[in-house]
Amino acid sequence: MKNLHNQLDWDAVEEERQEVLTQWPTGSEVDYEEGARYIRSLPRSRNFALCLQDAKEKGITLTQPRAGVPVAVDHLDLLRFLQNEGEADLLPTTIDSYTRQNRYQEAEQGLEESRREGRALLNGFPAVNHGVDTNRRIIDGTKVPVQIRHGTPDARLLAEITLAAGFTAFEGGGISYNIPYAKQVPLEASIRHWQYIDRLAGRYQELGADINREPFGPLTGTLVPPCVSHSVAILEALLAAEQGVKHITLGYGQCGNLVQDTAAVQTLNRLAQEYLEQAGFPDVVLTTVFHQWMGGFPSDEARAFGVISVGAAAAALARATKVIVKTPHEALGIPSKEANAEGLRTTKQVLNMLKDQMFPETDALEQERMMISRETKALVDRALELGDGSTAAGAVRAFAAGVVDVPFAPSRMNAGKTMPARDNEGAVRFLSTGNLPFAKDILDFHRDCLARRGETEGRKPSFQMVVDDIYAIGKGMLVGRPR
Amino acid sequence: MKNLHNQLDWDAVEEERQEVLTQWPTGSEVDYEEGARYIRSLPRSRNFALCLQDAKEKGITLTQPRAGVPVAVDHLDLLRFLQNEGEADLLPTTIDSYTRQNRYQEAEQGLEESRREGRALLNGFPAVNHGVDTNRRIIDGTKVPVQIRHGTPDARLLAEITLAAGFTAFEGGGISYNIPYAKQVPLEASIRHWQYIDRLAGRYQELGADINREPFGPLTGTLVPPCVSHSVAILEALLAAEQGVKHITLGYGQCGNLVQDTAAVQTLNRLAQEYLEQAGFPDVVLTTVFHQWMGGFPSDEARAFGVISVGAAAAALARATKVIVKTPHEALGIPSKEANAEGLRTTKQVLNMLKDQMFPETDALEQERMMISRETKALVDRALELGDGSTAAGAVRAFAAGVVDVPFAPSRMNAGKTMPARDNEGAVRFLSTGNLPFAKDILDFHRDCLARRGETEGRKPSFQMVVDDIYAIGKGMLVGRPR
Amino acid sequence: MAEYTLILGVIGSDVHAVGNKVLEVALEEAGFHVVNLGVLVSQQEFIEAAIETDADAILVTSLYGHGEIDCRGLKDALIEAGLDDVLLYIGGYLVIGSQRWEDVEDKFRAMGFDRVYPPGTMVEDFLPQLRADLARQRGESH
Amino acid sequence: MAEYTLILGVIGSDVHAVGNKVLEVALEEAGFHVVNLGVLVSQQEFIEAAIETDADAILVTSLYGHGEIDCRGLKDALIEAGLDDVLLYIGGYLVIGSQRWEDVEDKFRAMGFDRVYPPGTMVEDFLPQLRADLARQRGESH
Ligand code: B12
Ligand code: B12
């Protein structure tokens, strides 16, 4: 039975749209039916949703960079460069941080200054300020599909403009673009805004325009245990499916232990499929995205290539549908286009060399999958229970109660009582489990993992271990051992 | 019972030495007893043999580059750079190709021209021409151990000079430095010359100066199936042990399939240990060296970093004692010192991130180990049988009969009847087994592996597959699929 | 040792929270009284907190690249609020992309920052300087 | 089409055998009569083989970096042997390290090579050129 009662009524949305489209002058350019017609007219090879579906069937892993600069011609040049020189299979359009906070006035100022000074003063592409036509030029100018990537609690206007322009994929979600990206925004509000976006994407889908939606998997990017990001991913998949979305890509940020990373990608797919089927959405096309290490990087480019490659290897061996690629400039600042293309090519080489190989099936892998599954189910089931039929309410209450709790998140909606640390093999475990509703044996498991590491290092598990782990990869290690 | 009857008589060697030391004027500088005293005086951290032994005990993987330029001060600068900026755990001194062919006159000319023109005209360091004192300055000027790396069928004078100078490790062997490096040199001759060298190293060992010897594992570097390189490694280990060598490092060149690469490193150690014990040398300290992909590289540096990283990952997961590192310039020419240091740092990052992880133990891995072991034993046992008590004679006869047969080898002493190709997962198998004395089920196994690949690719296994595989990694693939 | 009060915060629309958390814990351990405003902090919030807590120093973080825009006028506002003697530090990825560090440092010094720290600065890297500056400042102003 | 005879070989102390083998097979498949001298080939051997087989072209390979020294005087020796009309090609890593390709090409052209090919040259990259040169040369000399 579909959770249809959670779907927003399109007429109500239409009313809300009239308000949203006036938030910035460019809103008036939006004509979603024309947008849907345009998207339907795109060849399969330029539709994000369909390319991912095809990759899943072929069992291959596609590459996608992050990239966005303020001025439109420069942005198109950048994307073409990444497509041609980086051989990117999929392209992004990364939005600047003012737009993400709906500060279009500051974005306008940054855009103007960037134009005037001939250098970027914004850290991304202010798509709202550019408006529908300019955005359409990005789609027209590229040969592979392009996705909007950002971090916006209220992205309604951004979605309106970019979908109408012909973008076929839109990253984000009411939880994953709030908890790591905001401080004060109530979850009710961001989830409601993202229900609007999902309903809009669903509307395009109804009109035959396939749109891919992707919750932001890595969250804070720093030592997030798989069950935490899986829970958020599954809740957002349900929220999106309820609004009529048919193409969903779920994400996971590399932790660094190959067994854990493989288990994480595999369970993400299986668990989400289960929950979607249970909720009455067996027809959603589910794919996965693996993010190369999202925490602090080494500043040395040669070392950064090593981190990138380990991530590419894990993505290939775990058979993620796509991999989001870091660059050798990660710890230096926003990358040059050359560095970005380098990260892509390094990744592609590793993917190609490993695409005919699989991470070996072992008891340890099965054990890790079981652990992640049990943990994730504990969180998601409790959240759904709290929601009592409303996924949205469940999510809000789960965060309020610390049932789902993201480490290092800036948001006050997040309990902030959990603390992760690596075990002796580098898998990310919990040092503190806060209020996570785990069974006793799971709690014991995490305690034991960290106790064993403590023994190896001759120290008690503590926050110092966490700090050491935060720095570790940047300093050329995985586990932050004391010196 | 030790194969003592195969050990050269020191008095006879002494006589031979008098002749060898007159091959080039610098020979007169050699005083091996002073050399042994000097080596004994080195701290443990600067003795190659002991550093490897310690790494083996700790279960870690050390890094070592390849590097050598003609002029001594430049060479020392280069080594120091790799030590400081590349964080190399072990250093090399790669010898130029004229010296390798005993063409000291041409080496002298190249050295002089290099000095005069201020650019390298030799592809390595002409250690014989430099003489003992200059070589000693290399050892005195570095903080980590240094090895001589070359490719010389008759390296007697080179060994005399560099060991006397204080080098604590000497690569090569009578087979591995003949078959891939010469065309006309009889195996009898090169093996006899290397028995001299091993006897000399054994003499240092008797005097308490630990010397590491390392047969050249990768041979032609191009699609060499593990059993072929293992056979050569084991025969040379036996030859070295017979002459009194106590520290042996056996090598393997990455093939590219992680299961095969892991199985290869593991079996190399175990099999060699078995044969050495059988032959009465249980006290030899055995370590392993993994060579990052030795065949053609991609010319794009970003892609090269990917190849380097996959090799580093395999070395770490298989727990090789050291890894020989390639550079992003591999397909461009002899690398700049910066590129060399980059390859080292990329490698170190990957090693560090994976050092607490192991390649998972599975049936497939056990199966691969069993296969490599059975194949290797078939070759080595037959060779020893042919030798009838003389390892040297066995090796010579085995090559003459094609019992051991190295693909793509230039030497006329090599039958050249085998041809390798990758299977569907990228493991290197035999397309033609020539005269290899394999049991029927092994022959079937290889045929089936390639038949399956042929099916996938819709073509018959043929030399075109081999050519495609030779180019594959350079073109960004592992398996050379038809386009 | 007299206790010093430090204000921490990530300025503008920047949400990078990890370094901010690490700084808080490390500076508390080093014996400071730390008032951490977290992420998404406006110029006004920095100033109010400094007045309320009689702070000795403000440590601004900016990682996301808009630091240049976000920090314009901060020093003037501090002076206007009578906080000219409060030490003003900044650290992080202060501009977009990687520019020559000397130029970045000059730019932010000219904007009134007493010290400007590059990406990857560890606590032990700036702690001695901070202690010295604080001691000198207290010596001067008391 | 008349059959052309090509001499292949890796010059000097160079033992890189793989590309040489691939070239042999590919050029035979392309319809040439190939005389492959293998690795470690001296100038004298090239010349003798060219005389013996009445070769149309000599394709020298040098990968290991000593090509510059190894090829000195080769063209003069060919002329002296009356082989001035034999096409002389070279390919591989002709110098030590990576130098500007234009300079390398000029250097080897000046040494008398008709065509000079950079590392990574595939057979299909030079085959059309080789065929054209051979046709032109036969046209001229007959
Ligand atoms: C984790 C991370 C994220 C996470 C943050 C999660 C969270 N809420 O905390 C997520 C994924 C959400 C994220 C988002 C974005 N990020 Co971000 N992120 C990073 C990353 C990988 C690590 C940062 C980190 O946690 N480091 C570890 C901590 C311990 O170190 P630290 O923060 O640097 O702090 C230390 C020092 O700097 C110093 N320090 C800090 N402040 C101060 C102040 C003073 C006075 C002193 C003395 C010292 C000091 O002490 C701290 C402790 O040692 C960096 C790149 C990197 N460093 O590898 C990029 C990076 C900072 N991000 C960047 C960008 C651009 C973004 C985005 C705009 C997205 C995009 N376009 O890619 C959004 C911005 C969102 C927003 N509105 O802020 C850029 C900034 C580029 C630039 N300035 O040119 C970076 C450099 C990546 C890159 N190369 O593009 N990011
Ligand atoms: C495999 C290999 C080896 C093997 C060779 C085994 C064997 N006996 O064949 C081993 C390990 C033994 C080896 C040894 C050495 N090697 Co080596 N080797 C390589 C490597 C990795 C691949 C070569 C290869 O087989 N390529 C595949 C084949 C199919 O391609 P190819 O040979 O280039 O040939 C093609 C084209 O070039 C072209 N072509 C070739 N000849 C001609 C001629 C004409 C007229 C034309 C038109 C075209 C043409 O057609 C061929 C088919 O497509 C290369 C680097 C790379 N390319 O990635 C280094 C490389 C060639 N080696 C190098 C060096 C220096 C050495 C050593 C001196 C050791 C050292 N210092 O590191 C020794 C030399 C020994 C000796 N005396 O020659 C350097 C040369 C550097 C330079 N010139 O500046 C390289 C570039 C590596 C590096 N970056 O340092 N090597």
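Chains as they are written, first to last, in the numbering used here: chain A, 221 to 703; chain C, 221 to 703; chain Z, 883 to 1024; chain D, 883 to 1024.
Idealized CB from N, CA, C, for every residue including glycine.
Since we're looking at a predicted model, the values are computed, not measured.
- Ser396 (chain C) sits in coil when the DSSP states are folded into three classes, being neither helix nor strand.
- Nearest CB-CB separation between Tyr401 (chain C) and chain D: below the 7 Å threshold.
- For Ile972 (chain Z), not one C-beta of chain A is nearer than 7 Å to its own C-beta.
- Around the beta carbon of Val293 (chain C), a 10 Å sphere encloses fewer than 16 other beta carbons of the protein chains shown; the residue is thus reported as exposed.
- What Gly955 (chain D) touches in chain C, judged by beta-carbon distance under 9 Å, is nothing: the nearest beta carbon there is about 13 Å away.
- Runs of the beta strand (DSSP E) lying entirely within the region 473-533 of chain C and spanning at least 3 residues, in chain order: 505-511.
- Taking the Cα positions, Thr943 (chain D) is about 14 Å away from Leu969 (chain D).
- Just so you know, the alpha carbons of Gly901 (chain D) and His370 (chain C) end up roughly 21 Å apart.
- Contact annotation for Glu645 (chain C) against chain A: Asp576, Gln577 [CB-CB distance below 8 Å, chain order].
- Relative to ligand 2, the beta carbon of Asn355 (chain C) is positioned no closer than 6 Å to any heavy atom.
- When secondary structure is reduced to three states using DSSP, Tyr252 (chain C) falls in the helix class.
- Between Tyr472 (chain C) and Ala484 (chain C), the C-beta gap is smaller than 7 Å, which places the two residues in contact.
- At a cut-off of 6 Å, the beta-carbon of Arg266 (chain A) does not count as near ligand 1: no heavy atom of the ligand is closer than that.
- For Tyr999 (chain Z), the enclosing beta strand (DSSP E) starts and ends at 997-999.
- For Val686 (chain A), the closest C-alpha among the options A:Cys447, A:Val623, A:Asp418, A:Leu651 is that of A:Leu651.
- Between Gly678 (chain C) and Cys669 (chain C), the alpha-carbon positions lie close to 14 Å from each other.
- The C-beta of Gln486 (chain C) has 16 or more other C-beta atoms within 10 Å across all chains shown, which makes the residue buried.
- Here DSSP, grouped into helix, strand and coil, assigns Thr469 (chain A) to strand.
- Here DSSP, grouped into helix, strand and coil, assigns Leu331 (chain C) to helix.
- In the DSSP secondary-structure assignment, Pro406 (chain A) is not bridged to any residue.
- At a cut-off of 6 Å, the beta-carbon of Ser895 (chain D) counts as near ligand 2: some heavy atom of the ligand is closer than that.
- Sequence-distant partners of Gly654 (chain C) (beyond 5 residues in either direction) whose C-beta falls short of 7 Å from its own C-beta, in its chain, are Gly622, Asp625, Ala635, Lys637, Thr638.
- Under DSSP, Glu562 (chain C) shares a beta bridge with no residue.
- Looking at the DSSP output, Glu236 (chain C) sits in no beta bridge, so it has no partner there.
- Excluding sequence positions up to five before and after Leu459 (chain C), its CB lies within less than 6 Å of the CB of Thr611, all in the same chain and listed in chain order.
- Within the DSSP secondary-structure output, Glu434 (chain A) pairs in a beta bridge with A:Glu391.
- Annotation: the continuous beta strand (DSSP E) that includes Gln367 (chain A) extends over 366-369.
- The residue among C:Pro548, C:His295, C:Gly330 with its C-alpha nearest the C-alpha of Arg954 (chain D) is C:Gly330.
- Distance between Asp952 (chain Z) and Pro290 (chain C), taken at the CA atoms: about 56 Å.
- For Thr354 (chain A), the enclosing alpha helix (DSSP H) stretches over residues 347-360.
- Not a single CB atom of chain D sits nearer than 7 Å to the CB of Ser410 (chain C).
- Listed in chain order, the non-local C-beta contacts of Pro435 (chain C) below 6 Å within the same chain comprise Gly393, Ser396, Ala453, Glu456, local neighbours out to five positions each way being set aside.
- In the structure shown, Met573 (chain C) falls within a helical segment according to DSSP collapsed to helix, strand and coil.
- Between ligand 2 and His666 (chain A), a heavy atom-to-CB distance of less than 6 Å is absent.
- Taking C-beta separations shorter than 7 Å and ignoring five residues to either side along the sequence, the partners of Thr354 (chain A) in its chain run Ala292, following chain order.
- Residue pairing by DSSP puts Thr943 (chain D) in a beta bridge opposite D:Val892, D:Gly973.
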